[in-house]
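> Under the UniProt record's numbering, the residue at position 85 of the sequence shown is numbered 85, and the numbers go up by one with no gaps. Cβ atoms here follow ideal geometry from the backbone N, Cα and C, with glycine treated the same way. This structure is a prediction, so every number in the text was calculated from the model and none was measured. Handing you a structure now.
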Amino acid sequence: MYDIRQIDELNVGDRVSVSKTVTEADGAMYIAATGDFGPVHVDEDFASGTRFETRLAPGILVAGICTSVLTAELVGTLGVSIRDSFWFTGAVRYGDTITFEIWISAKDEENRTVDWQASAVNEEGVEVLKADATLKFPRKKKVTT
């Protein structure tokens with residue numbers, strides 16, 4: 001279940017670590033929804049001839065899992081992305097279990113922004129994703145009596 005957290009409930013240094021296995025089903029749903037039929041993602045014959053030797057999960061799918069962990073486990077659903085930077089530093093194969101480490105790196109209550117960063121590693125400890133991004137939070141509603 002997703003929480004609703006206000007910016008004043010979040011602190012620099014708050015962090016979460018969650019592991020997720022990236023499945024064939026994850027890839028199929030992403031590819032069907034986006035139309036990203038890149039052969040390295042869907043064609044085993046093609047992918048086997050690349051330096052990766054097998055099909056890969058789309059990098060932006062892995063980034064999406066990262067942001068889902070962010071909202072589900074750390075910051076809640078109120079913040080909206082206003083800046084996202086992702087670095088795809090390693091390949092993710094279907095069946096890989098990825099551990100996402102996500103933390104709040106800065107907070108500006110006056111501007112209602114929270115910066116967060118992430119690092120994701122596979123089972124061998126190889127980094128596959130880095131992220132640096134900013135969320136904007138809404139103003140609190142004033143309570144009237």
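Per the contact definition of three or more C-beta pairs closer than 8 Å, is the stretch 99-107 in contact with the stretch 4-13?
Verdict: yes, contact present.
> With 16 as the cutoff for other CB atoms within 10 Å, does residue 128 come out buried or exposed?
Residue 128 should be labelled buried.
> Assess, as a yes-or-no matter, whether the stretch 47-58 is touched by the stretch 26-36 under the definition of 3 or more beta carbon pairs within less than 8 Å.
Short answer: they touch.
> Spatial neighbours of residue 94 within its chain, please: CB distance less than 7 Å, with the 5 preceding and 5 following residues excluded, ordered by chain position.
Closer than 7 Å at Cβ, skipping near neighbours: 22, 23, 24, 27, 55, 57.
> Locate the beta strand (DSSP E) running through residue 129, then write down its first and last residues.
Taken as a continuous stretch (DSSP letters only), the beta strand (DSSP E) holding residue 129 covers 127-136.
> Alpha carbon to alpha carbon, how far is residue 39 from residue 46? Give it in angstroms, no decimals.
Cα to Cα, residue 46 sits roughly 6 Å from residue 39.
> Run through DSSP, which three-state label would residue 44 get?
In this structure, residue 44 counts as helix in the three-state DSSP scheme.
> Would you decide whether residue 76 is buried or exposed? Buried here means 16 or more other CB atoms lie within 10 Å of its CB.
The residue in question, residue 76, is buried, as its Cβ has 16 or more Cβ neighbours within 10 Å.
> Could you tell me the alpha carbon to alpha carbon distance between residue 79 and residue 6, rounded to whole angstroms?
Taking the straight line joining both Cα atoms gives about 8 Å.
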